[in-house]
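Notes follow the structure.
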Amino acid sequence: MLEGLGVPAAVICTDAFRASVAAMAKVKGFSGYRYIAVPHPVASRTGTELHDIAGQMADEIAEILTAPA
Amino acid sequence: MAVDIDVVRDAIEYCYDQGFTDGLPVVPATGKAVDEFLATVTAGADEEIGALPHLNRSFTVRTAAVNAVMAGCRPEYFPVVLAAWEAVKLDGYAFRGLFQSTTGSFPFFIVNGPVREFIGINSGVNVFGPGSRAGATIGRALRLIIMNGLGVQPGELDQSTQAAPAKYTFCIAENEEQSPWLPLHVDRGWERGQSTVAAMMARSAVHIENRHAGQASELLYDIADTISRTGALLHETTSACVVLGPEHAQLLAREGLSKQQVKEELFRLARRSLEDLNRAGKGEISKTLGWRVPAYSPDARTDGRTKGRAGEDGRVPVLGSPDGVVVAVAGGNNAGVSTVVETIGAFGGRPGEVGIPEITARGVSDGKLPALCGVDALTAGGGQATRKAG
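Put into structure tokens, the structure is as follows:
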């Protein structure tokens, strides 16, 4: 996918969608694909809460984006 | 010919083990049955008729036939199944991720024309209920095609939060004979003698009880109130297929209302006050997806769009245009009951509609159970069902 084109990418979803991510990764031939699961939900959170969650995930996102291909 | 019924049971269990079913037992697809279905259509068995490229999935006419057999269809239903699938493709919304969406939407089919009677698709009493093979199995065939052909399995790539009972099967015929207006397909320029199937992506079917109203205005208010319920509002506007019971349709027509005038009246009446929208946490529109959100949402627009759409009475239209409503007539002519099928297509899109080739001969069935040849796995990645030689 994007990584195959040389573009660093980090997939972020909420933990409610782990089964779908696993199924999608399998379909695409990337079983075990590393992604970031944030606590569910997103839609009903305040801006402050979302900002906090993003802050907690920032290091892991950076790590995935900068990991060797 | 003696038949060991336990072999049939084993074949049904095999289909469960393979993940072919919707939870209900399926008819094991034998090579003979699939061939009978394929013989009813001019499309080639290996013709690709559906794909979800982002899932690397595609399927052929043969896969559709396998699933139609499993759904319990008779061979002569198969042209309707294929036309119904083509109609889904024309819907305009189905392929925007709806097969996998948390809303859990599903196609709703309305069949018009002579094929209704020829294969017996129910348009009358208990039209949304059980008891009629053709509609039940055609709708179910489309669900199995989506699950097995497109590979969208519940709990995996189908992420529906709840879905709805009609996701199993949702196919009716219009009650043209007891409608005071032209049939749905004739409205859209088809000949009355042509059979068609229309498809809309639906979310739910809401029942309207109004047995005692004597005036069109009362009934229209009741229907518009149902269309505009706050729970239906996902996007800025919504859309609906209003399936009027014949008694309701005749009440409206007696006061001289055309179908177009009914749509225009429903567009005019289907409104909610800003106060109601705010009370439901839907007083604003989100910047990114155009969803209804509370004013305090980080994604809420701040340009006063919703307030700007409110009329002098402070009420906001929930339909984008009169074409946000499709009006059809179905059900028994025995009470004042109608249904609002809540659809997806917030901008008033028309349903997809496809003509059904004339079906000149019924499929062949000798009444015997053919030797079971099995159906092998719907292969991952290809989505194509193949069958073993019998």
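Sequences listed follow chains A and B, in order. Those letters in the first sequence? Residues 1 to 69, by the numbering used here. Those letters in the second sequence? Residues 70 to 459, by the numbering used here. Every residue gets a Cβ at the ideal spot worked out from N, C-alpha and C, and that includes glycine. Predicted, not measured: the structure shown is a model, and the values here were computed from it.
Buried/exposed call for residue i, threshold 16 Cβ in 10 Å
i                      : result
residue 335 of chain B : buried
residue 165 of chain B : exposed
residue 209 of chain B : buried
residue 306 of chain B : buried
residue 227 of chain B : buried
residue 261 of chain B : exposed
residue 386 of chain B : buried
residue 278 of chain B : exposed
residue 272 of chain B : buried
residue 230 of chain B : exposed
residue 72 of chain B  : exposed
residue 423 of chain B : buried
residue 254 of chain B : buried
residue 2 of chain A   : exposed
residue 66 of chain A  : exposed
residue 377 of chain B : exposed
residue 144 of chain B : buried
residue 258 of chain B : exposed
residue 146 of chain B : buried
residue 393 of chain B : buried
residue 251 of chain B : exposed
Alpha-carbon spacing of residue i relative to residue j, whole angstroms
i                      : j                      : result
residue 409 of chain B : residue 131 of chain B : 35 Å
residue 125 of chain B : residue 284 of chain B : 54 Å
residue 220 of chain B : residue 41 of chain A  : 27 Å
residue 242 of chain B : residue 399 of chain B : 7 Å
residue 74 of chain B  : residue 80 of chain B  : 10 Å
residue 432 of chain B : residue 206 of chain B : Residue placement at residue 432 of chain B cannot be trusted, given a pLDDT of 36 that sits under 50; what the coordinates show is reported in the next sentence. Going by the C-alpha atoms only, they are around 15 Å apart.
residue 269 of chain B : residue 160 of chain B : 6 Å
residue 297 of chain B : residue 5 of chain A   : 47 Å
residue 401 of chain B : residue 53 of chain A  : 55 Å
residue 430 of chain B : residue 244 of chain B : The predicted model places residue 430 of chain B with a pLDDT of 42, which falls under 50 and marks its position as unreliable, so this point remains unresolved.
residue 204 of chain B : residue 48 of chain A  : 51 Å
residue 88 of chain B  : residue 137 of chain B : 16 Å
residue 92 of chain B  : residue 326 of chain B : 44 Å
residue 177 of chain B : residue 195 of chain B : 16 Å
residue 460 of chain B : residue 192 of chain B : With chain B covering only 70 through 459, there is no way to say anything about residue 460 of chain B.
residue 19 of chain A  : residue 30 of chain A  : 14 Å
residue 174 of chain B : residue 302 of chain B : 14 Å
residue 355 of chain B : residue 361 of chain B : 6 Å
residue 238 of chain B : residue 213 of chain B : 10 Å
residue 344 of chain B : residue 350 of chain B : 10 Å
residue 38 of chain A  : residue 8 of chain A   : 19 Å
residue 97 of chain B  : residue 85 of chain B  : 10 Å
residue 115 of chain B : residue 106 of chain B : 14 Å
Cutoff 8 Å; reference residue i; Cβ partners in own chain excluding five residues on either side
i                      : result
residue 435 of chain B : A caution first: residue 435 of chain B carries a pLDDT of 32, below 50, which makes its placement in the model unreliable, though a value can still be read off. The answer is none, since no qualifying residue turns up.
residue 199 of chain B : 205
Sequence-distant residues of the same chain with beta carbon closer than 7 Å to residue i, five excluded per side
i                      : result
residue 396 of chain B : 311, 313, 328, 331 and 332
residue 169 of chain B : 221, 226, 227 and 228
residue 391 of chain B : 332, 333 and 336
Distance between beta carbons of residue j and residue i, contact taken as under 8 Å
i                      : j                      : result
residue 148 of chain B : residue 110 of chain B : 5 Å
residue 412 of chain B : residue 248 of chain B : About 20 Å; that fails the 8 Å criterion.
residue 150 of chain B : residue 142 of chain B : 6 Å
residue 353 of chain B : residue 366 of chain B : 7 Å
residue 84 of chain A  : residue 35 of chain A  : Residue numbering for chain A in the displayed model covers 1 to 69; residue 84 of chain A lies beyond these limits and cannot be assessed.
residue 339 of chain B : residue 282 of chain B : That belief does not hold up - the Cβ atoms of residue 339 of chain B and residue 282 of chain B are roughly 17 Å apart, past 8 Å.
Close-in-space but distant-in-sequence residues of the same chain around residue i (CB under 6 Å, 5 per side omitted)
i                      : result
residue 421 of chain B : 156, 159, 160 and 268
residue 295 of chain B : 275, 277 and 409
residue 264 of chain B : 182, 183, 184 and 425
residue 112 of chain B : 130
For this session: Let me know the beta strand (DSSP E) ranges lying completely inside the region 119–205 of chain B, each 3 residues or longer, listed in chain order.
Result: Within the region 119–205 of chain B, the beta strand (DSSP E) runs of at least 3 residues that lie entirely inside it are, in chain order, 126–129 and 175–181.
Exercise. In chain order, which alpha helix (DSSP H) runs of at least 4 residues are fully inside the region 340–373 of chain B?
Worked result: Taking 4 residues as the shortest admissible run, the region 340–373 of chain B contains the following complete alpha helix (DSSP H) segments, listed from N- to C-terminal end: 343–348.
For this session: Could you name each continuous beta strand (DSSP E) segment of 3 residues or more that falls completely within the region 384–429 of chain B, going from the start of the chain to the end?
Result: Complete beta strand (DSSP E) runs here, min 3: 384–386, 394–398, 406–412 and 421–425.
Problem set entry | alpha helix (DSSP H) segments (min. 4 residues) lying fully within the region 1–56 of chain A | The qualifying runs are 18–27.
For this session: Kindly provide the ranges of any beta strand (DSSP E) runs that are 3 or more residues long and lie completely inside the region 260–305 of chain B, ordered along the chain.
Result: The region 260–305 of chain B contains these whole beta strand (DSSP E) runs: 264–278.
Problem set entry | Secondary structure, alpha helix (DSSP H): runs of 4+ residues fully inside the region 306–342 of chain B | Runs of the alpha helix (DSSP H) inside the region 306–342 of chain B: 315–323 and 328–338.
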